[in-house]
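Asker: Terminal number for the sequence shown in the working numbering: 148, no gaps in between.
Backbone N, C-alpha and C define an ideal beta-carbon position, used for all residues, glycine too.
Just so it is clear, the structure is predicted and the values come from calculations on it, not from any experiment.
Quick one: this structure, given as structure tokens, is what I'll be asking you about.
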Amino acid sequence: QQGLLNADSEDDLEAPELLKTESEENLEVWRLEGEVNLTHTKESCPSQDGTVDLSEYQGEAIRLHACRGVNYVVPSALKLTLDFCSDVQLHLQDSFTSTLELYQCQQVEVTSDQPLGTLQVDGCK
């Protein structure tokens, strides 16, 4: 079974600057300790075809932040979050059965080999 989700917009989304209070700093530390945080662009992508294989992070919570023009292959993740990403393709393979969250993204295409447990989309255009 395959699913497809498109979030399209002509507007450029900008990630806001983070102004941290003491409690926000603690939350940020928790996020950094509790998940893998990655940012890729087409220019910085390790492969020439723009594909990033996330196999090395199997079973972990992954946050993709401000990624642009990249194709991801995700074999397995506890949770996958995309925020402020654009022009991104995700291929969620057979063993990906958990949560996918999209926040403030545009032009994101998701193909899933299996049904998702939870899909949350907020503020995408």
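Determine the contact status of residue 110 and residue 92, defining contact as a CB-CB distance below 7 Å.
Answerer: Cβ distance < 7 Å, so residue 110 and residue 92 count as in contact.
Asker: Have a look at the DSSP bridge pairing and note the partners of residue 111.
Answerer: According to DSSP, which records beta bridges pairwise, residue 111 is partnered with 131.
Asker: What residues in its chain sit with their C-beta under 8 Å from that of residue 26, if we drop five residues either side in the sequence?
Answerer: Residue confidence is low: residue 26 scores 42 on pLDDT, short of 50, so the model does not pin down where it sits. Its coordinate-derived value is still stated next. For residue 26, where only same-chain residues beyond five positions count, the Cβ hits under 8 Å are 133, 134, 135, 138, 139.
Asker: Give every residue of the same chain whose Cβ lies closer than 6 Å to the Cβ of residue 128, excluding the five residues on either side of it in the sequence, and list them in chain order.
Answerer: Taken in chain order, the residues that qualify are 30, 105, 108, 147.
Asker: By the 10 Å Cβ neighbour count, where 16 or more other Cβ atoms means buried, how is residue 71 classified, buried or exposed?
Answerer: Answer is exposed; the Cβ neighbour count stays below 16.
Asker: Measuring alpha carbon to alpha carbon, tell me which residue in 62, 74, 96 is nearest residue 89.
Answerer: The shortest Cα separation from residue 89 among 62, 74, 96 belongs to 62.
Asker: Rounded to whole angstroms, what's the CA-CA distance from residue 97 to residue 122? Just pull it up for me.
Answerer: Distance between the alpha carbons of residue 97 and residue 122 is about 12 Å.
Asker: When burial is assigned at 16 or more other CB atoms within 10 Å of the CB, is residue 130 buried or exposed?
Answerer: So residue 130 counts as buried.
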